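Position in the sequence shown (first residue = 1) + 38 = the numbering used here. Using N, Cα and C, we set each Cβ at its ideal position, and we do this for glycine too. Here the structure is a predicted model, which means the values were calculated and not measured. Reviewing the structure listed below.
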Amino acid sequence: MKKQKVIIFSAPSAAGKTTIVRHLLEKFSFLAFSISATTRPRRPNEIAGRDYHYLTLAEFKEKIAQKAFVEYEEVYQGLFYGTLQSEIERIWQEGKIALFDIDVKGGINLKKYFGSQALSIFVKPPSLTALAERLEKRQTESEERKAERLKKAQEEMQFEADFDCVLLNDDLDTALKEAEKLLLQFLEVETA
Ligand code: 5GP
């Protein structure tokens, strides 16, 4: 049976990963976004079932008990995020390649799970100062949550070597082109 491929994007919060992921999804119709489940409250610009499946903590725990997750984590205190097995199956049934936007620890776990089926990409901000500035511009998080994200980002910056490749997001256009190239290279190699 032909092995199904997946693409994993991980990065410290505010490194620009979501922008890159959205660009790739628009550009390549053979990709499909793996919609994670989360207990984080929905942001005003987000749509349930498009950005995330929003669950209560009780619902999330029920899914853990049912072993419905390939991986899950308490990414921030009290906020759970997880990749549903059913999401991956839905995407593969559509004949598409799953694209994950997931935190650094989750990305490492998914790479271990999928092995050579997966291309894991670490999106790296030019510096921690740049990252702090981007995070500061966000209107979606409280001061406390921003500080928590920055602290986690500092820790996550140490894990780039655990990924197949590192994508520097200094100039966005360059990063988008580089992301396209990495993806196409991986798919060509794998399908050859
Ligand atoms: P945000 O709250 O900004 O949407 O996401 C916070 C972090 O959780 C981001 O790094 C995002 O990539 C990550 N994340 C989203 N979905 C999942 C998931 O299914 N599993 C894990 N481990 N992290 C996730």
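Is the CB-CB distance between residue i and residue j below 8 Å?
| i | j | result |
| --- | --- | --- |
| L93 | T76 | yes |
| S67 | F138 | no |
| I58 | A156 | no |
| Q115 | E186 | yes |
| F197 | V142 | yes |
| S48 | F160 | yes |
| T121 | I140 | yes |
| A53 | K162 | yes |
| E218 | K65 | yes |
| P164 | D202 | no |
If you draw a straight line from the C-alpha of residue i to the C-alpha of residue j, how long is it?
| i | j | result |
| --- | --- | --- |
| P79 | I102 | 19 Å |
| T212 | F224 | 18 Å |
| L148 | E111 | 12 Å |
| I135 | K43 | 6 Å |
| L166 | T178 | 20 Å |
| Q123 | K175 | 34 Å |
| E97 | A106 | 11 Å |
| K99 | I126 | 20 Å |
| S154 | D200 | 14 Å |
| E228 | V108 | Since pLDDT at E228 reaches only 49, below the 50 mark, its modelled position is unreliable, and no value is offered. |
| V204 | Q131 | 30 Å |
| E182 | L117 | 14 Å |
| Y90 | F152 | 22 Å |
| L221 | E84 | 26 Å |
| L169 | L188 | 8 Å |
| A70 | S158 | 16 Å |
| K40 | I129 | Only weak support is given to the placement of K40: the predicted model assigns it a pLDDT of 48, under 50, and the value that follows is read from those uncertain coordinates. When rounded, the distance between both Cα atoms is 15 Å. |
| E171 | K190 | 15 Å |
| L210 | S180 | 26 Å |
| G144 | K150 | 10 Å |
| L206 | G133 | 30 Å |
Could you tell me if the beta carbon of residue i falls within a distance shorter than 7 Å of some heavy atom in ligand 1?
| i | result |
| --- | --- |
| T121 | yes |
| D202 | no |
| Y110 | yes |
| S74 | yes |
| V44 | no |
| D208 | no |
| G54 | no |
| G144 | yes |
| R78 | yes |
| S51 | yes |
| D211 | no |
| I102 | no |
| I159 | no |
I want to see whether chain C comes within less than 8 Å of residue i, judged by CB atoms only; does it?
| i | result |
| --- | --- |
| K134 | Absent from the structure: chain C. Only one protein chain is present. |
Any alpha helix (DSSP H) of 4 or more consecutive residues that is wholly inside the region 168-196
181-194
Residue ranges of each beta strand (DSSP E) run of no fewer than 3 residues wholly in the region 93-137, ordered along the chain?
107-114, 117-122
Counting only runs that start and end within the region 52-79, where is the alpha helix (DSSP H) found for 4 or more residues in a row?
55-65
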